[in-house]
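One structure is given below, encoded as structure tokens.
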Amino acid sequence: MRSLEYGDEEVGAKEIMFAVPSMVIGIGILFLPRSLANETNFYDGAVSLLIGGFLAVFFTWVNAKLASKFPGKPLFSFVPLLVPKPVVFVLKMILTVHAMILAAYEVRMIAEIAKQYLFDQTPVEVLSVLFLLVVVYAVSGSRVGILRLNILFLPIIYCVALAISFMNIAYFDYHNLFPVLTTDWNGYVAGIKQSFFSMQGFAILLFYIALMNKPKEAPKAAVKGMGMVILLYLVLFTTCIGVFSNDSTSTMVFPTIELAKEIQVPGGFFERFESLFFTIWIMAIFNTAAMSLDMTVISLRSMFKKLKKKNAIIIISPMVYLICMYPQSFIEIMGFGKIISYSGVLVAIILPSILLIIAKIRRIGES
Amino acid sequence: MNKWVNALCLLLLSILLTGCWDRVEIEERGFTVGVAIDIGEDGKVEEQKTSHVYKGTYQLVIPGGLSQGSGTSSGNLPAFQNLSLSNDSLFQQIRYLAQRTSRSLFFEHLKMIIISEEVAKTPGAFANIMDIFRRDHEMRRGVKILIAKGEASDILQYNTKTEPLPVMFIESIVGNAPKNPLMLQEVRIGTVHKFLVSKDSFIVPKIEIKDGKIDVEGAAVIKGRDNTMADFISGPVTEGLNFIKGDYKSGIVKATVDDFMVVYEIKYAKSKIKVNTDDPNHITFDILIETEGVIGESFGNFNFTDKEVLRKAEQAFREEIKKSAERTVKTLQDDLKIDALGLGDYVRRKDYDLWRKKLIDNWDSGENYFVKSDINIKVKTIIRGTGGIIQNERD
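In structure tokens, the structure reads:
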């Protein structure tokens, strides 16, 4: 017996607009200022950030355009129309593995950060499993539920992130931003690569646009969502360079967290602003992890048609946990992040672009 | 039946809720508010890995001693306890001290780190000591840094009637810097981090116990190339430095007008620095110091409504401020040969190519282009008011 029936399993443009930043904002921005500062001089990383952001917006549009060509059809029901069956199977495999590793990476990373800054004695295994259980609970429910949760969480995440920048104004020294444009080309290119990597995750569009009632609005909404991400990244990067200077930013493991630690408001309550920041950021990671796990479930179920959702989750979760416990050190986890970045290029850029070109040439799907 | 099983499961699950690995009761935390680092005695530490042993003194708060007022029982309790230990690793000091106190040391509320002159002058030691205070997650970036003339641990012993904790007392004194131009504005560990990484020279406030009193006039100059302290500068030199850097908040300047003393109370000051890098061997800095203020005290019987008198007074104050700033420049260029003014930063912003190719290793070390540069100082003073009276007696 069901006491409550959920409403329509449909979403509007707003949900998609919020889903993109919710997915993209996660671990990446915590260390992006460091990677950018490493590659570029002074404030020049902003140039890389903007160019990288522009690329991300473009490919977001490609993904959204491709998915919106097939209204109401999830990725794996329209792909067979475009490419032969064996290719579809390989695609499903790649997506399953990619999404699974991504979920594992997010879980492990938040556990590591929580251990380093919040729970000194609690084993990282326990932190991971607790977080994973919460994520599993979210994924077990309605898919639209996750998307609506994004709308609830994202404004809070933005508030705390902008508060961090705002409360650091007293320590902001604009002298740190100058001189401008002193980096060589290699530096900019490396910076673009770093920024683009930290803006990945828009591949979720391929999965979630199928839930939309007006898919035509999807590309515009997705691009808006990506714009929000770029804005936030730019604000946080500017604050980091202005407050810490380029040199010290490049020596910090998580410059964005250090920004939260820098804040000192007299009165006592906000003396430990980073606690508040972590609490909120766990919500950001939660959204990312929930959507990646959901992606894994969708991909896996597309390979085994008879698999029930609950069973799929029961199969996947232990695997995610094992993968997330595999790296031994922080360096190895960062290596993990690199693998995800490169496989993300394959999943979110190369494949959708090829598929979109095929769809255009063969005139399949709505124009 | 099923309902009962479910209920039992939920009840059993609640057992898990009590588990918390990181539970530390607030009564068990040893809130450390101040740290003082001195050179420790050599050869007494087992398994010494570096050439220096540091003596760390940690000031812990005793909450019982803080509560004053109606209670009579806690009246005589001291509010703090200082623990000292020598070791080459500060982290090990902190761990070993846990054996000697009922409360484990907790650094989230650390207010200041005082480093002795001897330590700061040991090559590499300053940066090494700063490492743990930047690396550890408990440390915050707002901790103030001071350099002590003499033993740093003595300062944490300094007892006052007005504040229960020596650290609180020193913190209030350092916080008075905007009112006393002979003091340097407080320096936070976040700022120090920036300078340690960029290898620019910088200055840190000085503290010392002089004739039984705390004295915070003056500053310590840290040479950026090796992050080692060069020397202290006196209060008046610090004043000139504050003028040039634009850190001068408020203060007074005494001058003589027609053989009588007149005091100028500066309410607002700022500085503008322009740099010309056309000739690297003679980089020119044009520094314009602008001040605004009122007449604070006048010994001669001047009529300050007279423009001529006012102009004369302004002229006298200009000379004084200029003299003060030029003395600082002279000290830094001729004696210390270190750019504690942060002028290198202006060159870097103006001409990055020149900086990268030529000056980066030769600014205030090596060829020392800083000493070769010309620093011109101009002063603008405005007297906004004369105070409550115009003349101190009728003509």
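Chains as they are written, first to last, in this note's numbering: chain R, 72 to 438; chain V, 200 to 594. Ideal Cβ positions, reconstructed from N, Cα and C, are used throughout, including at glycine.
About 4 Å separates the CB atoms of Gly-439/V and Ser-523/V; that is less than 8 Å, so the two are in contact. When the beta-carbon positions are compared, Leu-120/R and Val-391/R stay at least 8 Å from each other. Residue-level contact by beta carbon holds for Arg-343/R and chain V, with a gap shorter than 8 Å.
Shown here for Lys-287/R: same chain residues with a beta carbon closer than 7 Å to its own, the five before and five after excluded, namely Ser-139 in chain order. Around the beta carbon of Gly-263/V, a 10 Å sphere encloses fewer than 16 other beta carbons of the protein chains shown; the residue is thus reported as exposed. In terms of CA proximity to Lys-348/V, Ala-429/V leads the group Phe-368/V, Lys-422/V, Ala-429/V and Val-508/V.
Within the same chain, Cβ atoms closer than 6 Å to the Cβ of Gln-384/V are found at Ala-376 and Asp-446, the five residues on either side in sequence being excluded.
At the C-beta level, Leu-277/R and Ile-96/R stay beyond 8 Å of one another.
Burial is judged here by how many other beta carbons sit within 10 angstroms of a residue's own beta carbon; Val-418/R has at least 16 and is buried. The C-beta of Pro-250/R comes closer than 8 Å to at least one C-beta of chain V.
Shown here for Val-195/R: same chain residues with a beta carbon closer than 7 Å to its own, the five before and five after excluded, namely Ala-182, Glu-183 and Lys-186 in chain order. Residues of chain R with a Cβ closer than 9 Å to the Cβ of Lys-448/V do not exist, since the nearest Cβ in that chain sits about 15 Å away.
The Cβ atoms of Ala-281/R and Gly-143/R lie closer than 8 Å to each other. Setting aside the 5 residues that flank it on each side, Glu-464/V is surrounded in the same chain by Ile-451, Gly-492, Val-493 and Gly-495, each with a C-beta closer than 7 Å to its C-beta; the list follows chain order. Secondary structure remark: continuous alpha helix (DSSP H) runs of at least 4 residues inside the stretch 402-468 of chain V, in chain order: 434-444. As the crow flies, the alpha-carbon of Lys-295/R is around 29 Å from that of Ser-211/R. Inter-segment contact for the stretch 257-272 of chain R and the stretch 103-112 of chain R is present: three or more beta-carbon pairs are separated by less than 8 Å. With a cutoff of 8 Å on beta-carbon distance, Leu-101/R and Ile-328/R are scored as near each other. Look at Ile-312/V here: in three-state DSSP terms it is strand. Bridge partners of Thr-111/R according to DSSP: none are assigned. With respect to chain R, the C-beta atom of Val-396/V has a partner C-beta closer than 8 Å. Per DSSP, the beta-bridge partners of Ala-235/V are Thr-256/V and Ile-313/V.
Inclusion of Phe-147/R and Lys-163/R in the CB contact set at 8 Å is warranted, their separation being smaller than that value. DSSP places Asn-358/R in the helix class (H, G or I) of the three-state scheme. Taking the CA atoms as reference points, Arg-333/V sits about 26 Å from Ile-261/V. Of the residues assessed, Phe-498/V falls on the exposed side of the cut-off, its CB having fewer than 16 other CB atoms within 10 angstroms.
For Phe-190/R, the residues of chain V that pass the 8 Å Cβ criterion are Trp-220 and Asp-221, in the order they occur in the chain. By the 16-neighbour rule on beta-carbons within 10 angstroms, Met-366/R is buried. In the DSSP assignment, Ser-321/R falls outside any beta strand (DSSP E) and carries neither an H nor an E. Apart from sequence neighbours up to five positions away, the residues of its chain that approach Leu-218/R with a beta-carbon distance below 6 Å are Val-82, Glu-86 and Ala-90, ordered along the chain. Ile-236/V is positioned such that its CB atom lies no closer than 8 Å to that of Phe-290/V. Contact between the stretch 529-542 of chain V and the stretch 580-593 of chain V is absent, with fewer than three C-beta pairs closer than 8 Å.
When Cβ pairs closer than 8 Å are counted between the two stretches, the stretch 396-409 of chain V is seen not to touch the stretch 467-475 of chain V, the count staying below three. Tyr-242/R and Glu-345/R have their alpha carbons spaced roughly 16 Å apart.
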